[in-house]
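Take a look at the structure set out below.
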Amino acid sequence: MMYFMKLPVILLFSTLSLLCAREITFSEIKQSALDHSQRLTLRFIDVKIEEARLDSIYSTLYPQLSLGYSGEYNHNLDPSVSGSISVGDATINSTVPYEHSVSLRLNYELYHFGTTMKQIEVGEKEIAVKRLEQCSEEVKLYRELLEHYSRAQKAQSEKSFKSRMLTLRQELYNLKQRLHAAGKESRVSVGDEAIRLIDLERDIERSTMEFEENIIALSQKSHIDLSSTDTQLLPLEVNSATPADFSFFHTPQARSYEEKIAQKQSEISMLNHSQLPVISLYSSYYLYGSDQDNFSRGFEDIRANSWNAGVSLRWALFEGFKYNSESERLKLELSRIREESELAKREFDYETRTRHEKLNRLSMLTKNETEALNETASKLTMTQRLRVQGEADAVSEVSVKLESLERELTLESEKIQHAYEAEALKLQHRGVDQCRK
0 MMYFMKLPVI LLFSTLSLLC AREITFSEIK QSALDHSQRL TLRFIDVKIE
50 EARLDSIYST LYPQLSLGYS GEYNHNLDPS VSGSISVGDA TINSTVPYEH
100 SVSLRLNYEL YHFGTTMKQI EVGEKEIAVK RLEQCSEEVK LYRELLEHYS
150 RAQKAQSEKS FKSRMLTLRQ ELYNLKQRLH AAGKESRVSV GDEAIRLIDL
200 ERDIERSTME FEENIIALSQ KSHIDLSSTD TQLLPLEVNS ATPADFSFFH
250 TPQARSYEEK IAQKQSEISM LNHSQLPVIS LYSSYYLYGS DQDNFSRGFE
300 DIRANSWNAG VSLRWALFEG FKYNSESERL KLELSRIREE SELAKREFDY
350 ETRTRHEKLN RLSMLTKNET EALNETASKL TMTQRLRVQG EADAVSEVSV
400 KLESLERELT LESEKIQHAY EAEALKLQHR GVDQCRK
């Protein structure tokens, strides 16, 4: 009995906490998550990394200028040899012990059949892909927030209604106890009512736990400090209208696949061009100094020695079938991206159709439940009138009140689900132009 006496006190504290609750909207949570999400920050950094990498590729369009110095000691073991002799790539030095040289070398790739421009094109596509992935991450974050927000709303609504039902169940239990004492109600009926009270209390605890879990998740993702004891989630403000001509190809995911396909095609073209010759311009300016006895005097003796300029051609004729393997790999990767894109489109179309059907069914269910709730309200009014006239008892009145609350809870849950499906459909049809720049 003491257990049931505590129930009104629990209900009182629940009511007071709702009156003092901090109200928050889904839009506020979304905006805070957008401003503080580390996941989005990481995606933004990925874009900057690819932009820096593209700048590095652009540097290959400019001439390469290098400065070199060497100072060495040479000990000739064969007195009959003087000067320098070249044998292949090896140079046998002169008889002068101390030698110094400074060289300034310029190298410029004149023509490589567009390979460098293809590299730039691939880099630009990669930046576009990273930006679209950032947009997709934003939509993914919003969906996670919406899921937790909807679950928390349902749990909060269920806790509120079932707390009110708990009071009526307590009243009904007391009525049946008095009727049992008067011999008008069986002990089994009173026991069943006690079990319903316990089940209802258990449902309230489950709703409380579900609400707390989702509030914690919303706090973590939005970076807003939300309390599970004084937070009131306001209804979703949803405009379910979506553009009639909106399709999968308007989404960030589809645009990302388009960029990846174009990027892979550029990689294939770049690989083909890499098999053609590279024509380069080179020029060098040399300074040389030497001394027979002293290292430092050899350095002081450095003078202009010679310069040269020329054009070179480099053509890789055979690389151990590397080209064939790379070509096959790139073609397979292109085929895989196309298959992924087709799969994503089918899933998008299926999900869109499913959500539209859910919205239609929920609209019909809401309409039917509203009509049933109106009938229950009329039934309650009639029962109260009959009780005043002595033709109905208190048990019947409380039972009708419980039925009315159960229907209200069902209607509220259907409204929350309808708002969730509408907002989820809106997020699914979110275009690239709606993402943060």
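Each step along the sequence shown adds one to the number in numbering that gives the first Met the number 0, with nothing skipped, and position 296 is 295. C-beta: ideal position from N, C-alpha, C; glycine also.
Residue burial classification, residue i (beta-carbon count within 10 angstroms, cutoff 16)
{"i": "V310", "result": "exposed"}
{"i": "F317", "result": "exposed"}
{"i": "A308", "result": "exposed"}
{"i": "P62", "result": "exposed"}
{"i": "L60", "result": "exposed"}
{"i": "K153", "result": "buried"}
{"i": "G297", "result": "buried"}
{"i": "L331", "result": "exposed"}
{"i": "K124", "result": "buried"}
{"i": "M381", "result": "exposed"}
{"i": "E204", "result": "exposed"}
{"i": "M269", "result": "buried"}
{"i": "L235", "result": "buried"}
{"i": "V86", "result": "Because the pLDDT of V86 is 47, which lies under 50, any placement of that residue in the model is unreliable, and the number read from its coordinates should be weighed accordingly. So V86 ends up on the exposed side."}
{"i": "F320", "result": "exposed"}
{"i": "I72", "result": "Here residue 72 turns out to be Tyr, not Ile, going by the sequence shown. Y72 comes out exposed."}
Helix, strand or coil at residue i according to DSSP, with G and I counted as helix
{"i": "Q231", "result": "strand"}
{"i": "D348", "result": "helix"}
{"i": "D392", "result": "coil"}
{"i": "D290", "result": "strand"}
{"i": "S69", "result": "strand"}
{"i": "E318", "result": "coil"}
{"i": "F430", "result": "The sequence as given places Gly at residue 430; Phe does not occur at that position. Correct three-state label for G430: coil."}
{"i": "K436", "result": "coil"}
{"i": "F245", "result": "coil"}
{"i": "T353", "result": "helix"}
{"i": "T250", "result": "coil"}
{"i": "I44", "result": "helix"}
{"i": "E422", "result": "helix"}
{"i": "S255", "result": "helix"}
{"i": "S55", "result": "helix"}
{"i": "V86", "result": "Residue confidence for V86 is low, a pLDDT of 47 falling below 50, so the modelled location carries little weight; the figure read from the coordinates is stated next. Strand."}
{"i": "S221", "result": "helix"}
{"i": "L76", "result": "coil"}
{"i": "E236", "result": "coil"}
{"i": "E370", "result": "helix"}
{"i": "E184", "result": "coil"}
{"i": "Q416", "result": "helix"}
Contacting residues, own chain, Cβ-Cβ under 6 Å from residue i (five flanking each side not counted)
{"i": "K442", "result": "Absent from the structure is residue 442, since the part of the chain shown begins at 0 and ends at 436."}
{"i": "E184", "result": "K175 and L178"}
{"i": "S100", "result": "S69 and Y287"}
{"i": "R142", "result": "L426"}
{"i": "E108", "result": "S279"}
{"i": "Y284", "result": "L103 and W306"}
{"i": "E325", "result": "L270"}
{"i": "F25", "result": "Y148 and L235"}
CB-CB length for residue i against residue j, believed under 8 Å
{"i": "A421", "j": "V237", "result": "4 Å"}
{"i": "I415", "j": "S55", "result": "Going by Cβ atoms, the distance from I415 to S55 rounds to 51 Å, so no, they are not a contact pair."}
{"i": "L53", "j": "G113", "result": "At roughly 17 Å, the Cβ-Cβ gap does not stay under 8 Å, so L53 and G113 are not in contact."}
{"i": "S156", "j": "S412", "result": "7 Å"}
{"i": "S279", "j": "N106", "result": "6 Å"}
{"i": "A393", "j": "K220", "result": "So it is not a contact: roughly 48 Å between Cβ atoms."}
{"i": "V399", "j": "K378", "result": "6 Å"}
Same chain only: Cβ atoms within 7 Å of residue i, ignoring 5 sequence neighbours per side
{"i": "T230", "result": "A20, R21, I23 and I214"}
{"i": "S255", "result": "V128, L131, E132 and S135"}
{"i": "V138", "result": "P251, L426 and R429"}
{"i": "L64", "result": "L105"}
{"i": "K259", "result": "V128 and I336"}
{"i": "E266", "result": "V121 and L329"}
{"i": "K29", "result": "Y141 and L144"}
{"i": "F12", "result": "With a pLDDT of only 49 at F12, under the threshold of 50, the placement of this residue in the model should not be trusted, and no figure is reported."}
Residues bridged to residue i (per DSSP)
{"i": "L105", "result": "L64 and S282"}
{"i": "A303", "result": "L286"}
{"i": "V277", "result": "R313"}
{"i": "H179", "result": "Paired residue(s): none; H179 is not in a bridge."}
{"i": "E22", "result": "Q231"}
{"i": "E98", "result": "E71 and S289"}
{"i": "A308", "result": "S282"}
{"i": "Y110", "result": "I278"}
Cβ neighbours of residue i in the same chain (closer than 8 Å, five flanking residues each side left out)
{"i": "R302", "result": "L286, Y287 and G288"}
{"i": "L372", "result": "S403, R406, E407 and L410"}
{"i": "L361", "result": "E413, Q416, H417 and E420"}
{"i": "Q274", "result": "A315 and Y322"}
{"i": "T365", "result": "L410, E413, K414 and H417"}
{"i": "E368", "result": "R406, T409, L410 and E413"}
{"i": "E192", "result": "R168, L171, Y172 and K175"}
Residue i at chain C interface by Cβ criterion, 8 Å
{"i": "L178", "result": "No chain C appears in this structure, which consists of one protein chain only."}
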